[in-house]
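Novice:
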Amino acid sequence: MTTLGAATPSDTVSLGTGDARRELLQVMGVEAVGPYSLVRVERGGLEPGIPGQFFMLEAPGRILPRPMSLCLAPAGELAFLVDAVGPGTRALCSLRRGDAIHVFGPLGNGFDLAVERPLLVAGGIGIAPMPYLADRLGGAPALVGFRTAQQAEAASLLPRADVVLEPRLVTELIPEDPGSVLACGPEPMLVALRELVPTAQLAWEAPMACGYGACYGCVVEIEGRLQRLCVAGPVLSS
Amino acid sequence: MSVPILNASGCLDALVAPDVAETLDAFVTKTVTPLPREGNPPPRIAETELGMLNSIGLQNPGIDAFLDEHLPKLAELAVPLWVSIGGFSASDYAELCARLDERDEIATVELNLSCPNVEEAPEASAELVAAAREQTKKPLYAKLSPATWNIAETARAVADAGADGLSLVNTIRGLSLDPQTLAPTLARGAGGYSGPALRPIALQCVYACSGAVELPIVGMGGVTSGSDALALVAAGASAVALGTVLFAEPAAAPRIRRELAEAATARGYGSAADLRSNANESSSPAGVSTI
Chain A
7 MTTLGAATPS DTVSLGTGDA RRELLQVMGV EAVGPYSLVR VERGGLEPGI PGQFFMLEAP
67 GRILPRPMSL CLAPAGELAF LVDAVGPGTR ALCSLRRGDA IHVFGPLGNG FDLAVERPLL
127 VAGGIGIAPM PYLADRLGGA PALVGFRTAQ QAEAASLLPR ADVVLEPRLV TELIPEDPGS
187 VLACGPEPML VALRELVPTA QLAWEAPMAC GYGACYGCVV EIEGRLQRLC VAGPVLSS
Chain B
516 MSVPILNASG CLDALVAPDV AETLDAFVTK TVTPLPREGN PPPRIAETEL GMLNSIGLQN
576 PGIDAFLDEH LPKLAELAVP LWVSIGGFSA SDYAELCARL DERDEIATVE LNLSCPNVEE
636 APEASAELVA AAREQTKKPL YAKLSPATWN IAETARAVAD AGADGLSLVN TIRGLSLDPQ
696 TLAPTLARGA GGYSGPALRP IALQCVYACS GAVELPIVGM GGVTSGSDAL ALVAAGASAV
756 ALGTVLFAEP AAAPRIRREL AEAATARGYG SAADLRSNAN ESSSPAGVST I
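Just so you know, the sequences run in chain order A and B. Quick note, the first sequence lines up with residues 7 to 244 if you use this note's numbering. Quick note, the second sequence lines up with residues 516 to 806 if you use this note's numbering.
1. Looking at the strands, I want to know which residues DSSP matches up with residue 152 of chain A.
2. With DSSP as the reference, please indicate the residues paired to residue 17 of chain A in a beta bridge.
3. Within a Cβ cutoff of 6 Å, which residues of the same chain sit near residue 150 of chain A, ignoring the five residues on either side of it in sequence?
4. Return the residues of the segment 558-592 of chain B that lie within a Cβ-Cβ distance of less than 7 Å from chain A, sorted by chain order.
5. Cβ closer than 7 Å: which chain B residues qualify as neighbours of residue 22 of chain A?
6. Examine chain B for any beta-carbon lying closer than 8 Å to the beta-carbon of residue 142 of chain A, and answer yes or no.
7. Does the CB of residue 225 of chain A have a neighbour CB from chain B at under 8 Å?
8. CA-CA distance, residue 164 of chain A and residue 771 of chain B?
9. For the segment 610-625 of chain B, enumerate the residues whose C-beta is nearer than 7 Å to any C-beta of chain A, in chain order.
10. Could you check whether residue 217 of chain A and residue 60 of chain A sit closer than 8 Å to each other, using their CB atoms as the reference points?
11. Taking residue 765 of chain B as the query, report the chain A residues whose CB atoms sit under 9 Å from its CB, ordered along the chain.
12. Can you find a C-beta in chain B that's less than 8 Å from the C-beta of residue 56 of chain A?
13. Skipping 5 residues on each side, what residues in its chain have a beta carbon closer than 7 Å to that of residue 53 of chain A?
14. Does chain B have any CB closer than 8 Å to the CB of residue 3 of chain A?
15. Taking residue 659 of chain B as part of the beta strand (DSSP E), name the residues at either end of that continuous run.
16. Just confirm the distance between the C-beta atoms of residue 672 of chain B and residue 622 of chain B, as a whole number of angstroms; I'd bet it's less than 8 Å.
17. Is the Cβ-Cβ distance between residue 563 of chain B and residue 769 of chain B less than 8 Å?
18. Residue 211 of chain A: which of A:65, A:72, A:43 sits nearest, CA to CA?
19. Considering only C-alpha positions, which residue in the set A:22, A:95, A:39, A:191 is nearest to residue 68 of chain A?
20. Closer than 8 Å is the cut-off here; do at least three beta carbon pairs connect the segment 553-561 of chain B with the segment 684-704 of chain B?
21. Compare the Cα-Cα distances from residue 74 of chain A to each of A:236, A:126, A:24 and report the closest residue.
22. Identify every residue that forms a DSSP beta bridge with residue 45 of chain A.
23. Quick check on the burial criterion: 16 or more other C-beta atoms within 10 angstroms. Buried or exposed for residue 743 of chain B?
24. Of all the options B:619, B:737, B:692, B:611, which has the alpha carbon lying nearest to the alpha carbon of residue 646 of chain B?
25. Examine chain A for any beta-carbon lying closer than 8 Å to the beta-carbon of residue 686 of chain B, and answer yes or no.
26. Check whether the segment 667-684 of chain B and the segment 726-741 of chain B touch, using three or more Cβ-Cβ pairs below 8 Å as the test.
27. If we define contact as Cβ-Cβ less than 8 Å, is residue 775 of chain B a contact residue for chain A?
28. With DSSP as the reference, identify every bridge partner of residue 755 of chain B, one or two as the case may be.
29. What do you get for residue 243 of chain A, buried or exposed, if any count of 16 or more other CB atoms within 10 angstroms of its CB means buried?
30. Compute the Euclidean distance between the alpha carbons of residue 525 of chain B and residue 696 of chain B, then round it to the nearest angstrom.
31. Evaluate residue 186 of chain A with the Cβ neighbour count: other Cβ atoms within 10 Å of its Cβ, from every protein chain shown; 16 or more gives buried, anything less gives exposed.
32. Does the beta-carbon of residue 528 of chain B have 16 or more other beta-carbons within 10 angstroms, so that it is buried, or is it exposed?
33. Take residue 577 of chain B as the anchor and find which of B:560, B:595, B:585 has the nearest alpha-carbon.
34. So with Cβ pairs under 8 Å, would you call residue 229 of chain A a contact of chain B?
35. Less than 8 Å between the C-beta atoms of residue 687 of chain B and residue 708 of chain B, yes or no?
36. Could you have a look at residue 706 of chain B and say whether DSSP puts it in helix, strand or coil?
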């Protein structure tokens, strides 16, 4: 299932954030996790990268690939948690075992893992990078907020998660001395967290066409200037 | 001899992805303007069924920072350099060309004549080219918008004004609405439409201009395969540039180069260049190394 032209051999691109590879990878399976889908692909020659980095996933039938942070990295696989909110993510969630898609990554800057007393904070589909992050941090505790009980089923991917449902918000549960906060979620949550915990590492989101600095489509205001999130982020220190 | 493959201006950052730039026969910079520009507010991109819209807004560091900081690094890459420039008046183009003329690292200057606020009437394009021509001996390529009533007339006007080649085509203005809110998807409303939907439009512009002028043409617009590139060559392009395809596939150039050679051979041409000489007589673009 190639969007653009015929299948190409694997290739490596050296970027400022490290080497990224693009390969045609077999889909191992797509599993429902609450309302979300866990899209599992073979790992091929791709590195899983640092938690918070992302991959561009070919969305069959679409012009542009979609940026997804890595959710889980079991041996020989890469797994992405996808919320079917538009035509690209619906195409990804409709993949079946045996299909093949191009995957390019890892891209961007991930979380700084050299932290004391990590606390993971996520909202909604922002839980996506947390299982791999928790794993790399040796099983860090997490606070995760969702709108619905069905969405909260995704907390099963995180062994040490405390779950809250709206109208309660994760920001209400941040302890007085939270340690090192590493967070991903909707923009209002990240903005609120930035106020509460100025040292937090926050993973932001923006629509991206390329993921490697080519299109200038994903700019966000960072330190008073519009900068490409794919190059400067997606994880930023607040 | 093969058909040179370039990137479309604004579709690759050679300093972030030098490997990708070096797969090209020439690298074309993002458009540089006299002063720094922060560009448009996000969201800036939207995918459509057959292409994508962008409203980047010519984000660039301005000519001073470009010459001092970016150009020395770009010059280290193993690829000839084309610099795209844009402005809002003939004097802007003249000033930019005067600055670039002194720099030997630059092979070719591409004039982005499709800026907002710049009249796109044939005589206006010619005026900008004439102003640029007075300030530089470097090869000048005029990049034209497809949204003009008679692109062949514009091509004749810019040829008479001293352009050495044409880059055809820039994006065409389009709009997409959020399916839920029915508000424009892009913060600025309209954007430049690119991708496969642009292909027949680009083909027609190349065909019309190659019949009107003797200038070499860099053809671009929705090229995703060797067959697409071959069609542009058959219509009169002497080089092909890649845009939107590079967003999805950074290594598209080597694949398309290979497919183009195969597609030409399969049709009985020794090379894509044979097909081109069959299609029209224009020469290879200056500033592009040909094999």
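C-beta atoms are modelled at their ideal positions from N, C-alpha and C, and glycine is treated no differently.
Specialist: Taking the definition as stated:
1. A:171
2. A:28
3. 128, 133, 161, 167, 169
4. 558, 559, 560, 562, 566, 567, 569, 571, 574
5. 531
6. no
7. yes
8. 44 Å
9. none
10. yes
11. 17, 19, 26, 28, 110, 216, 218, 220
12. no
13. 112
14. Given that chain A is displayed from residue 7 to residue 244, the structure contains no residue 3 of chain A and the question cannot be resolved.
15. 655-659
16. Actually they do not touch by this definition, with Cβ atoms about 25 Å apart.
17. no
18. A:72
19. A:95
20. yes
21. A:236
22. A:36, A:86
23. buried
24. B:611
25. no
26. yes
27. no
28. B:520, B:734
29. exposed
30. 30 Å
31. buried
32. buried
33. B:585
34. no
35. yes
36. strand
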